[in-house]
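In our numbering, the protein residues as written are 240 to 490.
Note that CB positions come from ideal geometry on N, CA and C, so glycine has one too.
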């Protein structure tokens with residue numbers, strides 16, 4: 240049974256919450272504002288059901304409706320909730336004091352990646368001198384196209400790994416299928432840029448005393464690298480991660 244059908248048949252308030260979550264996910268994809276009928280088609284839900292859910296989400300500011308086009312987009316309340324969530328995230332608090340130190344030591348942009356479903360979310364960032372005028376501080380990428388995402392997804396359970404793999408295009412999917420065991424045991428990883436001019440990523444996983452992998456600390460190398468520079472980057476990332484893990488252990 241398709242997911243949308245299963246959700247539509249779910250009884251009571253739980254089914255309503257699931258349907259609302261489907262719509263929020265759809266609004267997070269594609270254009271910023273979308274038509275009600277398109278959302279109904281993509282979700283498999285009826286137009287009256289979608290309209291009723293969207294009205295409730297608009298009242299909660301989780302969704303907003305453009306007054307000119309009547310189309311729907313994600314609402315401002317999500318921003319407040321995401322900031323509250325990140326402010327309470329232990330791994331982010333543990334890593335935060337070390338981001339600037341790593342940036343200064345390697346003269347490059349440093350950021351923190353977290354795995355959310357099949358994607359990597361960049362949840363913190365300190366720009367290096369090579370960052371340029373334009374920056375994307377709210378980046379979300381397919382997990383297996385990033386160094387941190389590969390480390391995190393490879394260490395996830397088999398169900399999560401299969402879900403991530405299913406949403407990964409070729410040729411990255413075949414590479415990931417062959418490389419999971421290697422990535423799952425790697426202390427650090429390099430991911431070359433997909434496009435010319437894009438930075439190379441070097442990542443180290445954050446693994447606490449219980450073996451839980453909660454994030455990856457990543458450096459962008461915009462101008463290429465040699466073995467000596469790579470060794471310096473890995474050493475600084477590892478030192479920062481180890482310090483953060485000690486903080487998590489005392490939390």
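For residue i, report the span of its alpha helix (DSSP H) as first-last.
i, result
"residue 314", "Element bounds for residue 314: n/a, residue is neither H nor E."
"residue 482", "466–489"
"residue 380", "Segment 379–381 is the beta strand (DSSP E) holding residue 380; no alpha helix (DSSP H) there."
"residue 405", "397–405"
For residue i and residue j, I'd like the C-alpha separation in whole angstroms.
i, j, result
"residue 411", "residue 384", "7 Å"
"residue 357", "residue 266", "17 Å"
"residue 438", "residue 295", "42 Å"
"residue 397", "residue 404", "10 Å"
"residue 363", "residue 336", "12 Å"
"residue 458", "residue 347", "7 Å"
The beta strand (DSSP E) with residue i in it runs from where to where?
i, result
"residue 460", "452–460"
"residue 337", "Counting along the chain, residue 337 falls outside any beta strand (DSSP E), though it belongs to the alpha helix (DSSP H) covering 329–345."
"residue 298", "Premise fails: residue 298 lies in the alpha helix (DSSP H), 286–298, not in any beta strand (DSSP E)."
"residue 364", "358–365"
Taking Cβ to Cβ, would you say residue i is nearer than 8 Å to residue j?
i, j, result
"residue 432", "residue 442", "no"
"residue 359", "residue 331", "no"
"residue 460", "residue 472", "yes"
"residue 293", "residue 275", "yes"
"residue 334", "residue 389", "no"
"residue 491", "residue 264", "Outside the shown range of the chain (240 to 490) lies residue 491, about which nothing can therefore be said."
"residue 430", "residue 421", "no"
"residue 415", "residue 407", "yes"
"residue 297", "residue 282", "no"
"residue 467", "residue 341", "no"
Judging by CA-CA distance, which residue of the options is the nearest neighbour of residue i?
i, options, result
"residue 391", "377, 260, 453, 289", "453"
"residue 254", "281, 268, 289", "289"
"residue 448", "298, 291, 487", "487"
"residue 329", "451, 319, 425", "451"
"residue 481", "349, 426, 317", "426"
Cutting at 6 Å between CB atoms, please list the residues of its own chain near residue i, excluding the five before and the five after it.
i, result
"residue 380", "359"
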